Amino acid sequence: MAVSQMNMTDFIAHWEQGGFILDVREPEEHILGVVPGAFLLPLGRVVAHAHTLPKSERVAVICRSGQRSDQAAAYLCQLGFDAVNVQGGMLAWNGPLSFPELPRGMSGT
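Each step along the sequence shown adds one to the number in numbering that gives the first Met the number 0, with nothing skipped, and position 3 is 2.
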């Protein structure tokens, strides 16, 4: 089953309209910045926590390059979510970033 792809122009519009964004990168990747307002849930935890995501709205799934997010979006679609993969991932994002604090022990120091 092919996952619907969202280009960066459409993703920016989705973000500006307050759409739900799921960032499936690992916590240590978040220190590089995240899309403001994104829900952070590493790919390895999506299966166990999919029930916490909104089924009533489109879920734009993003990662670093679009590979992991494609896997997550495919899984969510199988569960009945309206999930799309953000093409190019964070590598293509030129918008603002937020920098969440990592829990102790996650900073690598």
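Ideal placement from N, C-alpha and C gives every residue a C-beta, glycine not left out. Predicted model, so just to flag it, every value in this text is computed and none were measured.
Under a 10 Å Cβ-count criterion, residue 85 is classified as buried, with 16 or more other Cβ atoms of the shown protein chains found around its own Cβ. With contacts defined by Cβ atoms closer than 7 Å, residue 90 and residue 60 do not form a contacting pair. One Cα belongs to residue 5, the other to residue 54, and the distance between them is close to 18 Å. With respect to residue 35, residue 99 sits apart: the two C-beta atoms are not nearer than 7 Å. Counting along the chain, residue 82 sits inside the beta strand (DSSP E) bounded by residues 82-85. A straight line joining the alpha-carbon of residue 11 with that of residue 56 spans about 16 Å. Taking C-beta atoms as the reference points, residue 88 and residue 63 count as a pair closer than 7 Å.
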